[in-house]
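Notes to accompany the following structure.
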Amino acid sequence: MAKRELNEQQQKFIEVLFGEAGGNPAKARKLAGYSEGYATKLIMDTLKAEIIEATQLYIATNAPRAAMAVVSGMVDPTELGIKEKLNAAKDLLDRAGVVKTEKMEIQASNGIMILPAKDAAE
6 MAKRELNEQQ QKFIEVLFGE AGGNPAKARK LAGYSEGYAT KLIMDTLKAE
56 IIEATQLYIA TNAPRAAMAV VSGMVDPTEL GIKEKLNAAK DLLDRAGVVK
106 TEKMEIQASN GIMILPAKDA AE
């Protein structure tokens, strides 16, 4: 899908939504210069794909900080609120695509393989 061009006000909305507005769409609407009567929902509906893309970028941008929080929990496990901090960091890393992988190794001492029963017609 081709990326569509946003006007200056739409670009400003997305920029302040993840900055000065702190994620508050109504505040971002005001900061971007939309009129008081302009519905925030209309902006959100119009910019849905761009907001999702910006959200993914924001999460990816903060993933290194989350990784550092996990490591700091190992360094100082007595830090106040470390359990909550680690849970939030793990959640952010999962959403950023940095997931824990589990590997299973299966070994067989003999080469017997059990197959399903054949049909009577065969």
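Letter by letter, the sequence shown follows residues 6 to 127 of our numbering. C-beta atoms are modelled at their ideal positions from N, C-alpha and C, and glycine is treated no differently. Source: prediction; values computed, not measured.
Three-state secondary structure assigned by DSSP to residue i
| i | result |
| --- | --- |
| T83 | coil |
| S40 | coil |
| K108 | coil |
| R9 | coil |
| V21 | helix |
| I64 | helix |
| I119 | coil |
Through-space distance from residue j to residue i, alpha-carbon basis
| i | j | result |
| --- | --- | --- |
| A33 | I87 | 32 angstroms |
| Q112 | A125 | 33 angstroms |
| L97 | A71 | 7 angstroms |
| N115 | E89 | 48 angstroms |
| Q16 | T66 | 19 angstroms |
| V76 | N12 | 42 angstroms |
| K108 | Y43 | 52 angstroms |
| M79 | D99 | 19 angstroms |
| L120 | K95 | 41 angstroms |
Residue closest to residue i, alpha-carbon to alpha-carbon, out of the options
| i | options | result |
| --- | --- | --- |
| G28 | I57, E13, L11, A72 | I57 |
| K39 | V21, Q61, E55, K105 | Per the sequence shown, the amino acid found at residue 39 is Tyr instead of Lys. Ranking V21, Q61, E55, K105 by Cα distance to Y39 puts V21 first. |
| E10 | A72, V75, L52 | L52 |
| Q61 | N115, V103, L36 | V103 |
| I48 | V80, D81, P30, K123 | P30 |
| Q14 | K35, E110, K46, K105 | K35 |
CB of residue i within 9 angstroms of CB of residue j, strictly
| i | j | result |
| --- | --- | --- |
| F18 | Y63 | no |
| A54 | A101 | no |
| A74 | L85 | no |
Range of the contiguous alpha helix (DSSP H) that encloses residue i
| i | result |
| --- | --- |
| M49 | 45-51 |
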